[in-house]
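Below is one structure, written out as structure tokens, with a few remarks after it.
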DNA sequence: AATTTTGCCTAACACATGTTAGGTTATGTC
DNA sequence: GACATAACCTAACATGTGTTAGGCAAAATT
């Protein structure tokens, strides 16, 4: 290839794989599909990777580690629970909007992992959810958040931030910041109209 | 079969198919898998159905019509926007919790539909989302809901109510009503602690 | 009792699947 | 210029795929 910007062929392979896995699903994407999209033969893929599942593993665990960093980072720097949650949401949204294909695979296709890796992956997922849950508990102790079922609330929050992936268009009008802002407001403020007497209202 | 309660073999087939499609995904579930689960040979399935995709179509469109009914029903009976939204959420939750397998297929596996049916399905989905959106607009006009981006809000609401399917356990402690109640409160009230001066607060 | 219908079977098809083996060519390094 | 490595190729494998054809037995209908 005379292309200068071929960072790495393997990275390119993973990128294209993520795109196809998002579009058609992991199981419905064949190695020949993937190879054709790269302009090579199916057998040639095995110069770069060991197996089809290795591709899925790489994509899933790469993103899992990115999400793990969000929690670690947020807990290191910020102190106020609302600030923590807002920042976590912002970073989460950023990861999803900047890695739309990989995110879709991370969110939907991980079921296709097989057993040693599957459990490992689910543990990482649970750990992330627990991280969010701790922030919520802190917020309730600080009397910043309403007293709610924290398990229930954390799952609900994750659902809203993850659903972005379903409709977000990188070429659309909304910026990452704008999305994060609106989502945070929605999660924190709810929908019902209220007078401006929130205890922690900040203009 | 001497079993009395075999409602219909086809219904049973669809039920088992939905279960497997949820567990392993549509593409990863073979007709032989499905047949084995029913205790018959793969070829025998074709006595009941025309093709694998027909199964997927049936499941997806059955549920789509259930969701359509929710909007129609709600718009016929209720007048207050908040009441409408609460009822829509309750009915939506009910459909998901009472049809866990089919819901999972409806939410995740519809991508595997092929072209005439795919577009048809997406239209139904969009119509449903639009139904929710109209309720939100009404609510804003009635000054019951905060002024928000209704497109954004409707997608966010759908994300939260759909995510139930990811963690809901029919044998768990939470009832449909309890889930619907909590979700409605969350969506309408948000997370931030506030004084009890909501314009439309009802104890 | 005769006949249709229902539900399943075996056998087989044409094709798609992930993957391996072994060879060829371009690219970069000493 | 020799050599190593990276990137790709063709050919083929074993197995899995959705589906069809044709037949058999029990149950339901007449």
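Protein chains in written order, with the numbering used here: chain G, 36 to 238; chain W, 36 to 238.
Built from N, CA and C at the ideal position, the CB exists for glycine as well.
With distances taken between CB atoms, is the gap from residue 71 (chain W) to residue 79 (chain W) smaller than 8 Å?
no
Closest by C-alpha distance to residue 133 (chain G), when choosing among G:205, G:215 and G:221:
G:205
Listed in chain order, which residues of the stretch 51-74 of chain W have Cβ atoms closer than 7 Å to some Cβ of chain G?
The stretch 51-74 of chain W vs chain G, Cβ under 7 Å: 60, 62 and 63.
If residue 56 (chain W) and residue 99 (chain W) are in contact, beta carbons under 8 Å, what's the gap, nearest whole angstrom?
About 16 Å separates the beta carbon of residue 56 (chain W) from that of residue 99 (chain W), a gap too long to meet the 8 Å contact definition.
Three-state secondary structure assigned by DSSP to residue 114 (chain G)
coil
Report the rounded CA-to-CA distance for residue 185 (chain G) versus residue 104 (chain W), giving the unit in angstroms.
33 Å
For the 8 Å Cβ check, are there 3 or more pairs between the stretch 152-164 of chain G and the stretch 209-221 of chain G?
no
If we define contact as Cβ-Cβ less than 8 Å, is residue 80 (chain W) a contact residue for chain G?
Using a Cβ-Cβ cut-off of 8 Å, residue 80 (chain W) does not count as an interface residue toward chain G, since no Cβ of chain G sits closer than that to its own.
If we call anything under 8 Å between Cβ atoms a contact, is residue 117 (chain G) one with residue 174 (chain G)?
yes
To which residues of the same chain is residue 192 (chain G) closer than 7 Å at the C-beta, ignoring the five residues directly before and after it?
167 and 222
What number of angstroms, rounded off, separates the C-alpha of residue 101 (chain W) from the C-alpha of residue 137 (chain W)?
11 Å
Could you check whether residue 94 (chain G) and residue 63 (chain G) sit closer than 8 Å to each other, using their CB atoms as the reference points?
With contacts defined as CB atoms closer than 8 Å, residue 63 (chain G) and residue 94 (chain G) fail to qualify as a contacting pair.
Say whether chain G places a C-beta atom closer than 8 Å to the C-beta of residue 202 (chain W).
yes
I'd like the ranges of any alpha helix (DSSP H) spanning at least 4 consecutive residues and lying wholly in the stretch 145-177 of chain W.
150-176
Assign residue 29 (chain G) to one of two classes, buried (16 or more other C-beta atoms within 10 Å of its C-beta) or exposed (fewer than that).
Missing from the structure shown is residue 29 (chain G); chain G here goes from 36 to 238 and no further.
Take residue 92 (chain W) as the anchor and find which of W:49, W:43, W:59 and W:163 has the nearest alpha-carbon.
W:49
To which residues of the same chain is residue 67 (chain G) closer than 6 Å at the C-beta, ignoring the five residues directly before and after it?
77
Residue 87 (chain W): contacting residues in chain G (beta-carbon distance under 7 Å)
Residues of chain G with a Cβ closer than 7 Å to the Cβ of residue 87 (chain W) do not exist, since the nearest Cβ in that chain sits about 12 Å away.
I think residue 263 (chain G) touches residue 194 (chain W), with their Cβ atoms under 8 Å apart; what is that distance to the nearest whole Å?
Absent from the structure is residue 263 (chain G), since the part of chain G shown begins at 36 and ends at 238.
Report the three-state DSSP secondary structure of residue 51 (chain W) (helix, strand or coil).
helix
Give a yes or no on whether 8 Å exceeds the smallest Cβ distance from residue 198 (chain G) to chain W.
yes
Give the straight-line distance between the Cα atoms of residue 170 (chain G) and residue 181 (chain G), rounded to the nearest whole angstrom.
Approximately 13 Å, taken between the alpha carbons.
For chain W, find out if any of its Cβ atoms is closer than 8 Å to the Cβ of residue 98 (chain G); answer yes or no.
no
For chain G, is any of its Cβ atoms less than 8 Å away from the one on residue 143 (chain W)?
yes
Mind checking the stretch 143-157 of chain W against chain G and listing, in chain order, the residues whose C-beta falls within less than 7 Å of any C-beta there?
143, 146 and 147
Quick check: what's the CA-CA separation for residue 234 (chain G) versus residue 149 (chain W)?
For residue 234 (chain G), the predicted model reports a pLDDT of 46, less than 50, meaning its position is unreliable; a value from the coordinates is still stated below. Distance between the alpha carbons of residue 234 (chain G) and residue 149 (chain W): 52 Å.
Complete runs of the alpha helix (DSSP H) confined to the stretch 54-112 of chain G [at least 4 residues]
66-73 and 87-112
Any chain W beta carbon closer than 8 Å to residue 190 (chain G)
yes
Assuming residue 215 (chain G) contacts residue 119 (chain G) under a Cβ cut-off of 8 Å, what Cβ separation, rounded to an integer in Å, is found between them?
Incorrect: roughly 14 Å between the Cβ atoms, too far for contact.
Given a limit of 8 Å on CB to CB distance, which residues of the stretch 176-189 of chain G reach chain W?
So the list reads 178, 179, 180, 181, 183, 184, 187 and 188, given in the order they occur along the chain.
Applying the criterion that 16 or more other CB atoms from any shown protein chain within 10 Å of the CB defines a buried residue, is residue 60 (chain W) buried or exposed?
buried
Quick one: using the 10 Å Cβ neighbour count with 16 as the cut-off for buried, is residue 147 (chain G) buried or exposed?
Burial call: buried.
Proximal residues of chain G, C-beta to C-beta of residue 195 (chain W) below 7 Å
Residue 195 (chain W) reaches chain G at 191, 194 and 195, counting residues in chain order whose Cβ is nearer than 7 Å.
When the cut-off is 8 Å and only beta carbons count, does residue 102 (chain G) lie next to chain W?
no
Give a yes or no on whether 8 Å exceeds the smallest Cβ distance from residue 237 (chain W) to chain G.
Low local confidence applies: a pLDDT of 47 at residue 237 (chain W) is under 50, so the model's placement there is unreliable, with the coordinate-based value given in what follows. Contact with chain G is absent for residue 237 (chain W), since none of that chain's Cβ atoms lies less than 8 Å from the residue's Cβ.
Under 8 Å between C-beta atoms of residue 196 (chain W) and residue 109 (chain W):
no
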